[in-house]
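Chemist: Following my numbering, the numbering of the sequence shown begins with 1 at its first residue and continues without gaps. In this text, a Cβ means the ideal position worked out from N, Cα and C, and glycines have one as well. Treat the numbers as computed from the prediction; the structure is a model and nothing was measured.
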Amino acid sequence: MLNTQQKQALIEQAIKARDVAYAPYSHYHVGAALLAANGEVFIGCNVENAAFPATICAERTAVVKAVSAGQQDFVAIAIATVDGGSPCGICRQVLNEFAPTLHVIITNDEGEIVLESSLDQLLPYGFGPSHLKTEK
Ligand code: THU
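#1: With 16 other CB atoms within 10 Å as the buried threshold, where does Leu132 fall?
#2: Would Gly111 be called buried (16 or more neighbouring beta carbons within 10 Å of its own) or exposed?
#3: So, under 8 Å CB-CB, Tyr22 and Val63 are touching, yes? Tell me the CB distance rounded to an integer number of Å.
#4: Taking the continuous alpha helix (DSSP H) assigned at Glu12, which residues delimit it?
#5: When the distance is taken between beta carbons, is Leu35 closer than 9 Å to Ala78?
#6: Does the beta-carbon distance from Glu99 to Ile11 come in below 9 Å?
#7: Quick check: the Cα distance between Ile105 and Ala54, rounded to an integer number of angstroms?
#8: Output the distance between the C-alpha atoms of Gly84 and Ile90, rounded to the nearest integer angstrom.
#9: Using 8 Å as the cut-off, classify the Cβ of Tyr125 as near or not near the heavy atoms of the ligand THU, replying yes or no.
#10: Using alpha carbons as the reference points, say which of Gly70, Cys88, Leu119, Val82 lies closest to Arg153.
#11: Confirm the yes/no value for this check: CB of Asn46, any heavy atom of the ligand THU, distance under 8 Å.
#12: Once the 5 residues before and after Ile15 are set aside, which same chain residues still bring their CB inside 8 Å of it?
#13: With 16 as the cutoff for other CB atoms within 10 Å, does Ala37 come out buried or exposed?
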């Protein structure tokens, strides 16, 4: 479990990541900071596209960056939005692939924690690698 300082540090990185969001269509800026078990933090922002379905969410940007850097073991994610909006279903599913009990911290514009939960509460009865009975 993260202590208050670690949590605060992760939240600050999510807020920073939100500053570089590319969201000219929705204007809904999202930042995420994903903490790996080795202490590394991978940040991500949402990156929208004129072809709307090509948009990638902040949480998935962070996961893709981490996995591309060789990290697949995650402890927590902080997510920053204006109003404390929670991760979409696709992001919950992608996070579930690697960390079904990931600690999720959601903050608003004031940096207040709006929700703190674990991924298995946000995605109960999730479908994961074990259902396919193959090695990852
Ligand atoms: N968005 C995220 O980055 N994460 C979520 O989990 C929810 C939605 C982004 C996608 C899009 O750029 C904008 O928020 C509005 O949907």
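Modeler: Working from what's here:
#1: As a position in the sequence shown, residue 132 is number 132, starting the count at 1. Classification for Leu132: exposed.
#2: The sequence position of residue 111 within the sequence shown is 111, counting from 1. With fewer than 16 other CB atoms across the displayed protein chains lying within 10 angstroms of its CB, Gly111 is exposed.
#3: Locating residue 22 in the sequence shown gives position 22, where the first residue counts as 1. Locating residue 63 in the sequence shown gives position 63, where the first residue counts as 1. That pair is no contact at about 18 Å.
#4: Here residue 12 corresponds to residue number 12 of the sequence shown, with the count starting at 1. Here the alpha helix (DSSP H) through Glu12 covers 4-19.
#5: Mapped onto the sequence shown, residue 78 falls at position 78. Mapped onto the sequence shown, residue 35 falls at position 35. Yes, Cβ-Cβ distance for Ala78 and Leu35 is below 9 Å.
#6: The sequence position of residue 99 within the sequence shown is 99, counting from 1. The sequence position of residue 11 within the sequence shown is 11, counting from 1. Note that residue 99 is Ala in the sequence shown here, rather than Glu. In this structure, Ala99 keeps its C-beta atom at 9 Å or more from the C-beta atom of Ile11.
#7: Position 105 of the sequence shown, counted from the first residue, corresponds to residue 105. Position 54 of the sequence shown, counted from the first residue, corresponds to residue 54. Going by C-alpha positions, Ile105 is about 26 Å away from Ala54.
#8: Taking the first residue of the sequence shown as position 1, residue 84 is located at position 84. Taking the first residue of the sequence shown as position 1, residue 90 is located at position 90. Inter-residue distance for Gly84 and Ile90 is about 17 Å (C-alpha atoms, whole angstroms).
#9: Residue mapping note: residue 125 aligns to position 125 of the sequence shown, counting from 1. Not so, every heavy atom of the ligand THU lies at least 8 Å from the Cβ.
#10: As shown, the chain starts at 1 and ends at 136. That puts residue 153 outside it, with no answer to give.
#11: In the sequence shown, the residue the question calls residue 46 occupies position 46. With a cut-off of 8 Å, the C-beta of Asn46 is classified as near the ligand THU, since at least one heavy atom of the ligand falls inside that distance.
#12: Taking the sequence shown and counting its residues from 1, one reaches residue 15 at position 15. Cβ contact annotation for Ile15 (same chain, cutoff 8 Å, sequence separation greater than five): Gly31, Ala80, Thr107, Gly111, in chain order.
#13: Position 37 of the sequence shown, counted from the first residue, corresponds to residue 37. Taking all protein chains in view, the Cβ of Ala37 is surrounded by fewer than 16 other Cβ atoms within 10 Å, so the residue is classified as exposed.
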